[in-house]
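These notes are about the structure you will find just below.
In the numbering used here, the protein residues as written are 47 to 208.
Set out below in structure tokens:
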């Protein structure tokens with residue numbers, strides 16, 4: 047078996063993508079940028095060096111948060127449903143639930159989710175609550191839940207789960 051290079055480790059090479067974070071997940075980053083703009087203005091009143099430090103720190107923190115949000119992807123393959131996320135090498139990884147251990151996938155129906163097309167998705171493990179996958183602000187979350195449940199039912203009907 048050929049070993050994958052670390053930069054080739056992506057959800058697209060492992061399975062079929064279901065959904066990613068919606069635009070609503072970035073609202074916190076936008077608010078942080080607005081707050082940091084005011085802090086930057088106050089720092090300029092103190093000194094240029096303080097302003098440079100605030101600018102560097104806010105750019106790194108907000109940039110990291112945006113990259114972290116962009117890294118989240120829910121996908122499935124023949125083995126199960128998986129969540130890929132992480133930016134830094136020691137954070138990147140995949141966790142998931144095998145088809146045989148899957149209970150069901152659900153999404154939260156609310157006025158906010160309907161209006162903004164941003165769903166809270168929960169993929170439940172049959173045996174333990176600690177292994178659930180719970181994701182908020184997911185674009186196409188409703189469709190992802192339908193696909194997961196349909197695929198799981200097909201596997202149950204065809205006795206493919208051992």
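Built from N, CA and C at the ideal position, the CB exists for glycine as well.
This one's a predicted model, so the numbers in the text were calculated from it and none came from an experiment.
query                                                                                                                                                                 : result
What whole-angstrom Cβ distance do residue 164 and residue 68 have, given they're in contact under 8 Å?                                                               : 4 Å
Helix, strand or coil for residue 188, going by three-state DSSP, please let me know.                                                                                 : helix
Looking only at C-alpha atoms, which of 193, 129, 200 sits nearest to residue 115?                                                                                    : 129
Counting along the chain, where does the alpha helix (DSSP H) carrying residue 87 start and finish?                                                                   : 73-92
Where residue 48 and residue 137 are concerned, what is the direct C-alpha to C-alpha distance, given to the nearest angstrom?                                        : Because the pLDDT at residue 48 is just 32, under 50, the model does not fix this residue reliably, and the point stays unresolved.
Given residue 197, which residues of its chain have a CB within under 7 Å of its CB, disregarding the five upstream and five downstream residues?                     : 122
DSSP has residue 119 in a bridge; who is on the other side?                                                                                                           : 66, 130
Would DSSP call residue 55 helix, strand or coil?                                                                                                                     : With a pLDDT of only 46 at residue 55, under 50, the local geometry of the prediction cannot be trusted, and the value read off the model is given with reservation. Coil.
Over what stretch of residues does the beta strand (DSSP E) that includes residue 168 continue unbroken?                                                              : 165-171
Tell me which same chain residues have a C-beta within less than 8 Å of the C-beta of residue 102, skipping the five on either side of it?                            : none
Is it the case that the segment 189-203 contacts the segment 88-106, given that we only count it when at least three CB pairs across the two stretches are under 8 Å? : no
Just to confirm, are residue 184 and residue 66 a CB contact at a threshold of 9 Å?                                                                                   : yes
Residues bridged to residue 152 by DSSP?                                                                                                                              : 168
With distances taken between CB atoms, is the gap from residue 170 to residue 152 smaller than 9 Å?                                                                   : yes
If you check the beta carbons only, do residue 178 and residue 168 fall under 9 Å apart?                                                                              : yes
Looking only at DSSP bridge pairs, what is residue 141 linked to?                                                                                                     : 129
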